[in-house]
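Order-wise, the sequence lines are chains A, B and C. The first sequence finishes on residue 165 if you use this note's numbering, and the numbering steps up by one all the way, no holes. The second sequence finishes on residue 542 if you use this note's numbering, and the numbering steps up by one all the way, no holes. The third sequence finishes on residue 140 if you use this note's numbering, and the numbering steps up by one all the way, no holes. One structure is given here, and the rest of the page talks about it.
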Amino acid sequence: MSKIVRTQASFLYTFVLIFGFYIVAHGHLTPGGGFQGGAVIATGIALVVVAYKFDEIKRRIKKTSLTAAEGIGLLSFIIAGISGIGVSFFYNWLANSGLLFGESVTYGINPGYLNTAGTLPIMNLAVGIEVLGGLGVIVLYMLHFVKGGERNAA
Amino acid sequence: MLLNLPFITVVIIMALGLYAMLFKRNLIKIVIGLSLIESGVNLFLVSLGYRNGGIAPIYTNAPSTNMVLPTPQALTLTSIVIGVATTAMLLSFCMVIYRHYGTLDSRKVRRLRE
Amino acid sequence: MRNALLVISLIAIFAFFLYVAVNPGDLGGNTGDHLIFGEPRYSDMDDYFIHNGQNQTGANNIVTSIVFDYRGFDTLGEASVLFTAVLGVGVALRLLRRDKNDE
């Protein structure tokens, strides 16, 4: 793509990432959550893929790190589920406990406190990392397939 | 009758998707038809849980406490993610088929090649 | 012949769906089970979630508390499906590339 597109893409990439992590971190307070925020971050990766040349993309975004992010996300999601095994699988043992994310909330409309909801923010973060790795690596796989085939044919 | 307008929209979307899946020969168009049917199902689930005058089930600075049903929305979220996964899988198979056979016509793909 | 059959079945399915959407009537035998937009028939479980979700999970977003807490198993399966799909995409796209390189 042209220089204008490349400059705008590298400028917007940071803000797309910040917005995606904002959506992930506020998943228990505002519309959004792990899946949606991960999809937004994967959109940032797709933006870089669209704007730059193939060699530049290979240098900037590593496929192995995205695959690792996917595996780590799924693993930490399962660990966050297992951590409440004392009562039952996926038991929310952090909620209303006073520990991390442990503030209790009463029924009703409130302005939204970040330090609530127990294991839900942790699971949101885990799922967000998994989804950004998964969708990003799908885009990269398809790009490598197309470009690799062209190079072989030429 | 007009109150059921979302359900009529669901019917039209699903009929279009079914038409694309039954009559089109291009594999990409078949995938598009499948995605249309998925969208119809998602819209059906969400509109089943709608309550008159309800707002989204989020208490942060909510204007009222009359909320729509949250469970269909959660299931729709699941359905959307699984739809994305299946669509990516189908499209990658389409890419493999095109590289292998040189065409996306489902009539020609059926022919075995050594 | 085959196309005519397809057209007929498509029109039949479309007409049936449209009939259900517009005039639900008594398909299941109960005249009360109408499909009316804006008036869900059964909402006991959802009302329970709306009224107790904040006390029990501490999350303002009830949808998140259902996805990750009340129905956590569902989300675990969903994440596994996504993981498996990515694995399948990688296998499908990489297998054929190796095929081409061997030739």
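All C-beta atoms in this analysis are idealised placements derived from N, C-alpha and C, irrespective of residue type, glycine included.
Beta-carbon gap between residue 80/A and residue 140/A smaller than 8 Å
Cβ distance < 8 Å, so residue 80/A and residue 140/A count as in contact.
Which word fits residue 103/A, buried or exposed, when buried means at least 16 other C-beta atoms lie within 10 angstroms of its C-beta? It is buried - the Cβ of residue 103/A has at least 16 other Cβ atoms within 10 Å.
Contacts of residue 502/B in chain A (Cβ-Cβ under 9 Å): Going along chain A, no residue has its Cβ under 9 Å from residue 502/B, so there is no contact; the nearest lies around 10 Å.
request  = May I ask whether a heavy atom of the ligand MG can be found less than 7 Å away from the beta carbon of residue 124/A?
outcome  = Summarising the ligand content, the structure contains no ligands, and the ligand MG is consequently not present.
Item checked: Against chain A: residues of the stretch 512–533 of chain B by CB proximity under 7 Å -> 516, 520, 523 and 527
Where residue 46/A meets chain B, residues with beta-carbon distance less than 7 Å: Those are 505 and 509, listed as they occur along chain B.
**OP:** State the Cα-Cα distance for the pair residue 524/B and residue 517/B, rounded to the nearest angstrom.
**Re:** Going from the Cα of residue 524/B to the Cα of residue 517/B covers about 11 Å.
query = Counting Cβ pairs, one atom from each stretch, are 3 or more of them under 8 Å apart for the stretch 480–492 of chain B and the stretch 460–472 of chain B?
reply = no
| message | Please tell me whether residue 74/C and residue 475/B are closer than 8 Å, where the distance is taken between their beta carbons. | response | yes
Q) residue 98/C bridges to which residues according to DSSP? A) 486/B
### Three-pair Cβ contact test at 8 Å for the stretch 87–99 of chain A versus the stretch 47–63 of chain A
The answer is no - the stretch 47–63 of chain A does not touch the stretch 87–99 of chain A, with fewer than three Cβ pairs under 8 Å.
Check the Cβ-Cβ distances between residue 56/A and every residue of chain C, and say whether any is below 8 Å.
no
query = Among 471/B, 441/B and 497/B, which residue has its Cα nearest to the Cα of residue 77/C?
reply = If we check each option's Cα against that of residue 77/C, 497/B comes out closest.
Restricting to Cα atoms, I'd like to know which of 114/C, 130/C, 45/C and 48/C is closest to residue 138/A. Of 114/C, 130/C, 45/C and 48/C, the residue nearest in Cα terms is 114/C.
- Looking at the structure shown, is residue 67/A part of a helix, part of a strand, or coil, going by DSSP? If DSSP states are grouped into helix, strand and coil, residue 67/A belongs with the helices.
*Are any of the Cβ atoms in chain C nearer than 8 Å to that of residue 475/B?*
yes
Subject >> Residues of the stretch 142–157 of chain A whose Cβ lies closer than 9 Å to any Cβ of chain C, in chain order >> reply: 142, 144, 145, 146, 148, 149, 152, 153, 155 and 156
**Item:** Straight-line Cα distance separating residue 41/A from residue 145/A
**Value:** 24 Å
Between residue 461/B and the rest of its own chain, which residues show a CB-CB distance below 6 Å, the 5 nearest in sequence each way excluded?
-> 445, 448 and 449
_Residues near residue 57/A in its chain [Cβ-Cβ closer than 7 Å; skip 5 each side]_ = For residue 57/A, where only same-chain residues beyond five positions count, the Cβ hits under 7 Å are 150.
message: So, with DSSP's three-state summary, where would you put residue 542/B?
response: With a pLDDT of only 48 at residue 542/B, under 50, the local geometry of the prediction cannot be trusted, and the value read off the model is given with reservation. Here residue 542/B sits in coil by DSSP.
- Can you list, in chain order, the residues of its chain whose CB lies under 8 Å from that of residue 27/A, leaving out five sequence neighbours each side? 51, 52, 54, 55 and 58
- Task: For residue 120/A, go through chain B and note every residue whose CB falls closer than 9 Å to its CB, in chain order.
- Result: 487, 488, 489, 490, 491, 492 and 493
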